[in-house]
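Below is one structure, written out as structure tokens; comments come after it.
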Amino acid sequence: MRINYNVSAMLANNKLANNDNLLSKSLERLSSGLKVNSAKDNPAGLAMAKRMNAQLEGLSVANQSAADGVSIIETADGAMSEISEMLQRMNELAVKAANGPNSDNDRDVIQDEVKQLTEEITRIAETTEFNGQKLLNGEFSLKGYVQGNLDVKVNSYSTEVTADIYTIEDLIIEENPIPTDDSDRYRVKSIKLTGGPFPAGATASMKDNLLSIQGANGFTMTLDLSRAIAKNEDFPDTVKELKITEAGGADKPLVIDATGIGPMVVQVGANEGQTLEMDIPKISLTAMGLDNYFVKDGDGTENDGKGVWTLNVSTEQDATEAIDRIDGAIQFISSVRGRLGAYQNRLETTINSLDITSENVTAAYSRIMDVDMAEEMTNYTTYQVMTQAATSMLAQANERPSQVLQLLQ
Numbered sequence: 001m002r003i004n005y006n007v008s009a010m011l012a013n014n015k016l017a018n019n020d021n022l023l024s025k026s027l028e029r030l031s032s033g034l035k036v037n038s039a040k041d042n043p044a045g046l047a048m049a050k051r052m053n054a055q056l057e058g059l060s061v062a063n064q065s066a067a068d069g070v071s072i073i074e075t076a077d078g079a080m081s082e083i084s085e086m087l088q089r090m091n092e093l094a095v096k097a098a099n100g101p102n103s104d105n106d107r108d109v110i111q112d113e114v115k116q117l118t119e120e121i122t123r124i125a126e127t128t129e130f131n132g133q134k135l136l137n138g139e140f141s142l143k144g145y146v147q148g149n150l151d152v153k154v155n156s157y158s159t160e161v162t163a164d165i166y167t168i169e170d171l172i173i174e175e176n177p178i179p180t181d182d183s184d185r186y187r188v189k190s191i192k193l194t195g196g197p198f199p200a201g202a203t204a205s206m207k208d209n210l211l212s213i214q215g216a217n218g219f220t221m222t223l224d225l226s227r228a229i230a231k232n233e234d235f236p237d238t239v240k241e242l243k244i245t246e247a248g249g250a251d252k253p254l255v256i257d258a259t260g261i262g263p264m265v266v267q268v269g270a271n272e273g274q275t276l277e278m279d280i281p282k283i284s285l286t287a288m289g290l291d292n293y294f295v296k297d298g299d300g301t302e303n304d305g306k307g308v309w310t311l312n313v314s315t316e317q318d319a320t321e322a323i324d325r326i327d328g329a330i331q332f333i334s335s336v337r338g339r340l341g342a343y344q345n346r347l348e349t350t351i352n353s354l355d356i357t358s359e360n361v362t363a364a365y366s367r368i369m370d371v372d373m374a375e376e377m378t379n380y381t382t383y384q385v386m387t388q389a390a391t392s393m394l395a396q397a398n399e400r401p402s403q404v405l406q407l408l409q
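No gaps in the numbering here: position 271 of the sequence shown is 271 in the working numbering, and each next residue is one more.
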């Protein structure tokens with residue numbers, strides 16, 4: 001027996017220290033509810049869990065963004081629902097104005113109401129907002145512009161139009177010698193589509209000063225030539241035709257930059273590139289074909305700034321034409337609402353998918369980070385008993401050197 005170095009006590013003390021450390025860690029897990037409280041607990045698991053946590057936070061924000069997108073669509077659709085109701089009323093008025101027994105005075109009264117309705121359509125389209133951003137004025141529609149000719153504007157183009165530079169040569173329009181109504185006053189005499197990915201066999205047509213280029217697979221590009229036609233002074237009575245070029249240059253083609261910039265981008269995922277583009281086209285009388293009549297409120301000219309464009313139902317023939325125009329406008333609004341409805345369905349599906357993904361990632365994150373309380377409580381009880389036993393054994397080990405005194409008696 002030795003008294004200078006109590007090896008038994010040292011062994012018992014070491015075990016007590018180890019058991020006490022295990023007990024302290026178990027207490028930390030039980031009090032925090034986490035299995036990984038520091039990097040040393042599980043270095044690889046902690047790194048994986050932090051990436052998952054970042055994804056979870058991103059999924060939460062993406063879910064909110066998708067919900068905002070749904071709210072935007074509901075706001076826009078609500079406004080267009082009212083526009084659709086007004087178009088239905090305008091259709092009733094046009095049918096009434098086309099009725100032969102009505103007098104000119106009756107049609108003047110009808111024209112006044114139609115004017116008010118078209119002004120309200122314009123007001124709604126220009127003032128409908130979400131979070132301070134206008135929704136129906138074309139800000140979130142595919143955009144493009146004509147290089148070097150401010151008198152020709154890109155009115156719209158479909159999502160099937162590839163973002164690129166398009167070139168049009170030999171674009172000549174002429175007055176239609178036998179127009180059936182005001183919508184086909186002009187027609188395309190010649191056009192050559194040379195630059196950009198125009199689809200094979202694309203055709204061009206005119207309606208209400210709008211040049212429409214259409215091709216396979218839904219390709220549609222519409223140019224507004226109103227200003228070019230109105231400002232042109234070289235529309236000779238003998239020829240009745242106008243060549244559209246860049247800045248009026250006889251040999252310069254018309255160059256269109258279809259930039260593809262403009263749709264509202266909604267972040268619907270936690271990672272880069274996980275977005276949804278919502279193209280909300282411009283809602284206007286021009287787009288719907290309802291601006292074929294200028295009501296002068298000033299000095300009698302269109303340039304005095306004191307008049308408005310509206311739909312013409314002032315005569316029986318104009319009212320008959322207006323019925324067809326309103327039908328086209330209703331189809332246009334219904335098409336836009338249908339597209340927005342498809343966006344909303346997609347967003348709601350995205351929200352459901354994000355919820356499921358969030359649940360699964362949360363479960364994986366929990367398996368790495370969260371402690372099993374039942375299992376850890378069992379461990380805690382074990383460590384507690386072992387600590388108590390080690391404490392008792394250390395006390396007995398400390399008593400062993402005193403047994404030497406019995407040898408000295």
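For every residue, glycine included, the Cβ atom is placed at its ideal position computed from N, Cα and C. Since we're looking at a predicted model, the values are computed, not measured.
Tell me the DSSP secondary structure of residue i in three-state form.
i: Gly-218; result: helix
i: Asn-13; result: helix
i: Glu-160; result: coil
i: Ala-45; result: Going by the sequence as given, residue 45 is Gly instead of Ala. Three-state DSSP puts Gly-45 in a helix.
i: Ala-204; result: strand
i: Thr-301; result: Its pLDDT being 49, under 50, Thr-301 is placed unreliably in this model, and the value from its coordinates should be taken loosely. DSSP places Thr-301 in coil when its eight states are reduced to three.
i: Asp-151; result: coil
i: Arg-2; result: coil
i: Val-308; result: strand
i: Val-268; result: coil
i: Thr-245; result: coil
i: Ile-73; result: helix
i: Ser-212; result: strand
i: Leu-411; result: Because the chain spans 1 through 409 in this model, residue 411 falls outside it and cannot be assessed.
i: Ile-261; result: coil
i: Lys-252; result: coil
i: Lys-411; result: Residue 411 lies beyond the range of the chain shown here (1 to 409); nothing can be said about it.
i: Leu-87; result: helix
i: Leu-108; result: The identity of residue 108 in the sequence shown is Asp, whereas the question assumes Leu. Reduced to three states, the DSSP call for Asp-108 is helix.
i: Ala-390; result: helix
i: Leu-93; result: helix
i: Glu-139; result: coil
i: Thr-180; result: coil
i: Val-7; result: helix
i: Thr-167; result: strand
i: Leu-405; result: helix
Thinking residue i and residue j are a contact (beta carbons under 8 Å), I'd like their distance in whole angstroms, please.
i: Gly-262; j: Lys-115; result: Actually they are not in contact, since the Cβ atoms of Gly-262 and Lys-115 sit about 31 Å apart, beyond 8 Å.
i: Ile-351; j: Ala-66; result: 5 Å
i: Leu-211; j: Thr-220; result: Leu-211 to Thr-220, Cβ: 11 Å. No contact.
i: Tyr-186; j: Glu-175; result: 6 Å
i: Tyr-166; j: Ile-229; result: That pair is no contact at about 21 Å.
i: Ile-83; j: Leu-135; result: Ile-83 to Leu-135, Cβ: 12 Å. No contact.
i: Tyr-383; j: Asn-6; result: Not confirmed; about 25 Å, so no contact.
i: Leu-193; j: Asn-209; result: Going by Cβ atoms, the distance from Leu-193 to Asn-209 rounds to 20 Å, so no, they are not a contact pair.
i: Asp-164; j: Gly-196; result: 5 Å
i: Glu-330; j: Leu-87; result: One detail in the question is off: residue 330 reads as Ile in this sequence, not Glu. That belief holds up - the Cβ atoms of Ile-330 and Leu-87 are roughly 5 Å apart, short of 8 Å.
Pick from the options: whose alpha carbon is nearest that of residue i?
i: Val-36; options: Gln-396, Thr-387, Val-371; result: Val-371
i: Ala-374; options: Asn-19, Leu-254, Gly-33, Leu-93; result: Gly-33
i: Val-295; options: Thr-118, Leu-56, Ser-392, Ser-60; result: Thr-118
i: Asp-104; options: Asn-312, Val-336, Gln-388; result: Asn-312
i: Leu-254; options: Tyr-365, Met-80, Gln-147; result: Gln-147
i: Glu-359; options: Leu-394, Asn-63, Ala-319; result: Asn-63
i: Asn-343; options: Thr-378, Ser-284, Asn-379, Val-268; result: Note that residue 343 is Tyr in the sequence shown here, rather than Asn. It is Val-268 whose Cα lies nearest to the Cα of Tyr-343.
i: Glu-28; options: Thr-162, Ile-124, Tyr-380; result: Tyr-380
i: Thr-180; options: Lys-207, Ser-190, Gly-45, Asp-291; result: Lys-207
Identify the residues that DSSP records as bridge partners of residue i: which are they?
i: Phe-198; result: Paired residue(s): none; Phe-198 is not in a bridge.
i: Phe-332; result: Its beta-bridge partners do not exist; DSSP assigns none.
i: Arg-187; result: Glu-174
i: Lys-296; result: Gly-307
i: Phe-130; result: Gln-133
i: Thr-275; result: Gln-267
i: Tyr-145; result: Asp-257
Please determine whether the Cβ atom of residue i lies at a distance below 7 Å from any heavy atom of the ligand NAD.
i: Ala-389; result: This structure lacks the ligand NAD, and indeed carries no ligand of any kind.
Quiz prompt | Length at least 4, wholly inside the stretch 321-372: the alpha helix (DSSP H) runs in chain order | solution = Runs found: none.
Quiz item: What are the uninterrupted segments assigned as alpha helix (DSSP H) that are 4 or more residues long and contained completely in the stretch 19-65, given in chain order?
Solution: As far as the stretch 19-65 is concerned, it has no whole alpha helix (DSSP H) run of at least 4 residues.
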